[in-house]
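>
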Ligand code: ADP
Ligand code: MG
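Residue numbers (this note's numbering): 1189 to 1755.
(1) Report the three-state DSSP secondary structure of residue 1454 (helix, strand or coil).
(2) Does DSSP put residue 1400 in a helix, in a strand, or in coil?
(3) Rounded to the nearest angstrom, what separates residue 1609 and residue 1233 at their Cα positions?
(4) Nearest CA to the CA of residue 1651: which residue from 1264, 1674, 1379 and 1474?
(5) What are the uninterrupted segments assigned as alpha helix (DSSP H) that are 4 or more residues long and contained completely in the region 1497 to 1539, given in chain order?
(6) Please report the straight-line C-alpha distance between residue 1295 and residue 1203, rounded to a whole angstrom.
(7) Along the chain, where does the alpha helix (DSSP H) containing residue 1448 start, and where does it finish?
(8) If I'm right that residue 1569 touches residue 1513 with Cβ under 8 Å, what's the distance once you round it to whole angstroms?
(9) When you compare only the Cα positions, how much space is there between residue 1579 and residue 1480?
(10) In the DSSP assignment, find the unbroken alpha helix (DSSP H) run with residue 1709 in it and report its ends.
(11) When every heavy atom of the ligand MG is checked, does at least one fall within less than 8 Å of the C-beta of residue 1225?
(12) Here's a check: name, in chain order, each residue in its chain whose Cβ is nearer than 8 Å to the Cβ of residue 1444, leaving out the five neighbours to either side.
(13) Suppose you measure from the CA of residue 1573 to the CA of residue 1721; what does that come to, to the nearest Å?
(14) Within its chain, find whatever has a CB closer than 6 Å to the CB of residue 1686; leave out the 5 residues flanking it on each side and keep chain order.
(15) Kindly indicate the opening and closing residues of the alpha helix (DSSP H) around residue 1574.
(16) I'd like to confirm something about residue 1318: is its beta-carbon nearer than 8 Å to some heavy atom of the ligand ADP, or not?
(17) Where residue 1516 and residue 1494 are concerned, what is the direct C-alpha to C-alpha distance, given to the nearest angstrom?
(18) When you compare the CB positions of residue 1456 and residue 1558, do they come within less than 9 Å of one another, or not?
(19) If you run the structure through DSSP and keep just helix, strand and coil, what is residue 1200?
(20) Would you call the region 1347 to 1355 in contact with the region 1378 to 1393, where contact means no fewer than 3 C-beta pairs closer than 8 Å?
(21) Alpha carbon to alpha carbon, how far is residue 1676 from residue 1625? Give it in angstroms, no decimals.
(22) What is the C-beta distance between residue 1171 and residue 1527, in whole angstroms, given that I count them as a contact (C-beta under 8 Å)?
(23) Nearest CA to the CA of residue 1389: which residue from 1538, 1707 and 1217?
(24) How is residue 1284 classed by DSSP in three states: helix, strand or coil?
(25) How would you call residue 1605, buried or exposed, if buried means at least 16 neighbouring beta carbons within 10 angstroms?
(26) Give me, in chain order, the residues of the same chain whose beta-carbon lies closer than 8 Å to that of residue 1253; leave out the 5 immediate sequence neighbours on both sides.
(27) Tell me which residues share the same chain as residue 1622 and place their Cβ nearer than 8 Å to its Cβ, disregarding the 5 neighbours each side in the sequence.
(28) Quick check: the region 1581 to 1595 against the region 1655 to 1668, are at least 3 beta-carbon pairs closer than 8 Å?
(29) Taking Cβ to Cβ, would you say residue 1504 is nearer than 9 Å to residue 1486?
(30) Tell me the rounded alpha-carbon separation between residue 1272 and residue 1330.
(31) Alpha carbon to alpha carbon, what distance is there between residue 1600 and residue 1197?
(32) Could you give the residue range of the beta strand (DSSP E) that holds residue 1624?
(33) Specify, as a first and last residue, the run of the alpha helix (DSSP H) that residue 1588 falls within.
(34) What does the Cβ neighbour count give for residue 1250, buried or exposed, with the cut at 16 atoms within 10 Å?
(35) Given this structure, state the Cα-to-Cα distance separating residue 1340 from residue 1631, to the nearest angstrom.
(36) Please confirm whether any heavy atom of the ligand MG lies closer than 8 Å to the CB of residue 1482.
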C-alpha cells in the first residue's frame, strides 16, 4: 500500500512493552492463549453481528475457526482467524494504546517491586493480552480486515517504541497475527514454538475449551514413507458448563477457569449449577483465589459472561452479578433469551433478576460453607474480597444477614485471629446486648485509643475496624442478629449501666454549660472548617477533648477511600 506510516506507542504502552520484552514474565507459553483468546472473541463478535446486524452484508459464518500455521524456514508462527477483524482506527486504538485504568500505577508498582516473582504477580493480575506476543517474538505483524469493509491494514512492530501501519489489498475478512520467533532459550523460558508437539501441548493446556476449532496443518509420514499434509483440530471445544458435574474433573474446571479469567492460579471455589423449568440456564462460576490489582478502580468490570444457547453474547454482564461481587468469574448460559438482548433489556427482565438473586445466594452460600468447613480457605477469600463483600452491606439489603455472617474483623479478644460477628456474640458477657467496635486508620491507632481503656479494663471485647468502608456499613446496618452495633467513640456508651459519666446531676450540667458558654461558639467558629459543632461532653475523664462522629458524616478515611476509587 501507499499509506505506510510510522507511529509511536503511547508512553504507558511503551513501558509495558519494555517490561514484557525484558521478560519479567517467566511463563512465556501464555502468549498463545492470549492470541487464541483474541481470535475467539473476534469469531464470537462476527457471529453475533451476523445474527443481529444486517448492515454487514453477506458474511459467511459457516466455517468460523482459528488456524495456527508454522513456517520453519521463516521462523514464524501465525494465529489466524476469520472473525470480525479490525479497521485501521481499531488497530491504532486497540493495539497502540492501553485503555486499562490504573496502568500507570501498576507500572510504578512493578518498577518498585524488589523481586521478579512480585513483579510477575502484578503483571499476571494485569494481563498483558496482545502484548504478550513480544515475550516470544522480535517482530509481530498483524494483517486484518474488518467485516463489512473493503480495505485491509497491516500493522508491524518489534515492540520498541514504534509501529508501522499501512493499507494492504486483497486480505480476507479476519485477522492474522504473525510472530517472528526469538530463538528457543530454555533458561529464558522460551520453548521451541515452531514445534508441533509444543503447540499441541499449549493449546490443550490453555485453550481446550475455546468454542471454535483451533486447527493446525501437520505433516504426516505414512507407513510407506510418503508424507502428507493433514489438518487437525487441536481443542475439544466442550462447553464445560453444559455437562453435568459428575462428568467434569477438578482439573477441567481449573483449566476452564484459567482460560476465561487469564489467571494463573486455580480458583478458590467453583460453583456449577443448572436451573430447569420456565427459565432454563446453566451457570459455572468461580471465586478466584487472588483479587485483581484493580478490584477497587471504578472501571473494573464484572467477571460474568452471558451466553444464549452456547452463543457468546457479552462480557461484564452487570445484570447477572451485583457490583460488589464483581470479582466472581464465570459463564451463565440462558436458553430462553433473544440473541439481540441488550444490557437495558437485561436490567429490567424479571427472569434475569431472578437468576441474579439465585446466583448471589449461591456465591454467598459457598463462602459461608467455606467458613464452617475450611476456615483457612475462607480466611484467604475474606482477605482478598472482604472489602468488596462489605460493599454489599451498603448495596444489597436483601442479603444483609447473609453478608453479616461472612464478616470477619480484628478484635481485642485475640490479637492474632480475626473474629466473625457470630463468634463475638457467642462470647458476649452476661447481660451484654451490644456489639462494641471502634474504627480507625490503623490497628495500633485503634488499640491505643483512649476510648479503649474502660472497655478492656472491664473485659468487654471490642471489634477493631480499620477498613475505611467499615465506618459506613456499621452505620447502615446498625445491628447483627438483634444486637446493636455501637462505636465506643460515638454517642452514649453505658457500661454495666453504671458508667461514671451518667452520674452528673442536672444542676451540675447547667453549671458546666454556663462556664463554657463563651468558649463553645468561639471554638465552633474557629474550627468551622474542621468540625460541624463543638459540644460539651461528660464522657472524658483525662483527655481535654475528643472528636465524635456523626452517624451520617463522611469520615476522613472514607473521603480518602472515595478519592482513591476516583469518585
Ligand atoms: P483484551 O483482549 O483484554 O481486550 P488484548 O490486548 O488481548 O486485550 O486485545 C486488545 C484488543 O485488540 C481486543 O479487545 C480486540 O478489540 C483487539 N483484537 C486483538 N486481537 C484481535 C483479533 N484477532 N481480531 C479482532 N480484534 C482483535
Ligand atoms: Mg485478549
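The beta-carbon is built from N, C-alpha and C at its ideal position, and this holds for glycine as well. All of these numbers come straight from a predicted model, not from anything done at the bench.
The answer reads as follows:
(1) In the chain shown, the residue the question calls residue 1454 occupies position 266. In the three-state reduction of the DSSP assignment, residue 1454 falls in the coil class, being assigned neither a helical nor a strand state.
(2) If you number the chain shown from 1, residue 1400 lands on position 212. Residue state, collapsed to three classes: coil.
(3) Against the chain shown, residue 1609 aligns to sequence position 421. Against the chain shown, residue 1233 aligns to sequence position 45. If you draw a straight line from the Cα of residue 1609 to the Cα of residue 1233, it is about 47 Å long.
(4) Translated into positions along the chain shown, residue 1651 becomes position 463. The shortest C-alpha separation from residue 1651 is found at 1674.
(5) Runs of the alpha helix (DSSP H) spanning 4 or more residues and lying entirely within the region 1497 to 1539 occur at 1531 to 1536, in chain order.
(6) Walking along the chain shown from the start, residue 1295 turns up at place 107. Walking along the chain shown from the start, residue 1203 turns up at place 15. Cα to Cα, the separation comes out at about 7 Å.
(7) The residue labelled residue 1448 in the question sits at position 260 within the chain shown. Note, residue 1448: alpha helix (DSSP H), 1438 to 1449.
(8) Residue numbering aside, residue 1569 sits at position 381 when the chain shown is read from its first letter. Residue numbering aside, residue 1513 sits at position 325 when the chain shown is read from its first letter. Not confirmed; about 12 Å, so no contact.
(9) The residue labelled residue 1579 in the question sits at position 391 within the chain shown. The residue labelled residue 1480 in the question sits at position 292 within the chain shown. Whole-angstrom Cα-Cα distance: 17 Å.
(10) Position 521 of the chain shown, counted from the start, is the residue given in the question as residue 1709. Counting along the chain, the alpha helix (DSSP H) containing residue 1709 begins and ends at 1707 to 1714.
(11) The count along the chain shown starts at 1 and reaches residue 1225 at position 37. At least one heavy atom of the ligand MG is nearer than 8 Å to the Cβ of residue 1225, so yes.
(12) Stepping through the chain shown from its first residue, residue 1444 is reached at position 256. Closer than 8 Å at Cβ, skipping near neighbours: 1397, 1428 and 1472.
(13) Working through the chain shown from its first residue, we reach residue 1573 at position 385. Working through the chain shown from its first residue, we reach residue 1721 at position 533. Cα to Cα, the separation comes out at about 37 Å.
(14) Taking the chain shown and counting its residues from 1, one reaches residue 1686 at position 498. Caution is warranted here: a pLDDT of 42 is assigned to residue 1686, below 50, making its placement in the model unreliable, and the coordinate value is therefore given only provisionally. Closer than 6 Å at the Cβ level, and outside the excluded window around residue 1686, lies no residue.
(15) Taking the first residue of the chain shown as position 1, residue 1574 is located at position 386. Run containing residue 1574: 1563 to 1583, per the alpha helix (DSSP H) assignment.
(16) By 1-based counting over the chain shown, the position of residue 1318 is 130. Indeed, a heavy atom of the ligand ADP lies less than 8 Å from the Cβ.
(17) Here the question's residue 1516 lines up with position 328 in the chain shown. Here the question's residue 1494 lines up with position 306 in the chain shown. Taking the straight line from one Cα to the other gives about 13 Å.
(18) In the chain shown, counting from the first residue as 1, residue 1456 sits at position 268. In the chain shown, counting from the first residue as 1, residue 1558 sits at position 370. It is a contact, given that the beta carbons lie within the stated cut-off.
(19) Here residue 1200 refers to the residue found at position 12 when the chain shown is read from its first residue. Residue 1200 falls in the helix class under three-state DSSP.
(20) no
(21) Along the chain shown, one-based indexing puts residue 1625 at 437. Along the chain shown, one-based indexing puts residue 1676 at 488. Between residue 1625 and residue 1676, the C-alpha separation is close to 6 Å.
(22) This structure cannot speak to residue 1171, because the chain is shown only from 1189 to 1755.
(23) Along the chain shown, one-based indexing puts residue 1389 at 201. Considering only alpha carbons, the answer is 1217.
(24) Against the chain shown, residue 1284 aligns to sequence position 96. Of the three classes helix, strand and coil, the one that applies to residue 1284 here is helix, per DSSP.
(25) Along the chain shown, one-based indexing puts residue 1605 at 417. Burial call: exposed.
(26) For the purposes of this step, residue 1253 is taken as the residue at position 65 of the chain shown. For residue 1253, where only same-chain residues beyond five positions count, the Cβ hits under 8 Å are 1231, 1269, 1270, 1400, 1401, 1402 and 1403.
(27) Within the chain shown, numbered from 1, the residue matching residue 1622 stands at position 434. Hits under 8 Å: 1671, 1672, 1673 and 1674.
(28) yes
(29) Taking the first residue of the chain shown as position 1, residue 1504 is located at position 316. Taking the first residue of the chain shown as position 1, residue 1486 is located at position 298. Not a contact, by the Cβ cut-off of 9 Å.
(30) Translated into positions along the chain shown, residue 1272 becomes position 84. Translated into positions along the chain shown, residue 1330 becomes position 142. About 14 Å.
(31) Within the chain shown, numbered from 1, the residue matching residue 1197 stands at position 9. Within the chain shown, numbered from 1, the residue matching residue 1600 stands at position 412. About 53 Å.
(32) Sequence index remark: in the chain shown, residue 1624 carries index 436 (1-based). 1623 to 1627 is the extent of the beta strand (DSSP E) around residue 1624.
(33) As a position in the chain shown, residue 1588 is number 400, starting the count at 1. Annotation for residue 1588: the continuous alpha helix (DSSP H) segment containing it runs 1588 to 1594.
(34) As a first step, residue 1250 must be located in the chain shown, where it is residue number 62. Its Cβ having fewer than 16 others within 10 Å, residue 1250 is exposed.
(35) By 1-based counting over the chain shown, the position of residue 1340 is 152. By 1-based counting over the chain shown, the position of residue 1631 is 443. Spanning the two alpha carbons is a distance of roughly 59 Å.
(36) Residue 1482 sits at position 294 when you count from the first residue of the chain shown. Because no heavy atom of the ligand MG lies under 8 Å away, the Cβ of residue 1482 does not count as near it: no.
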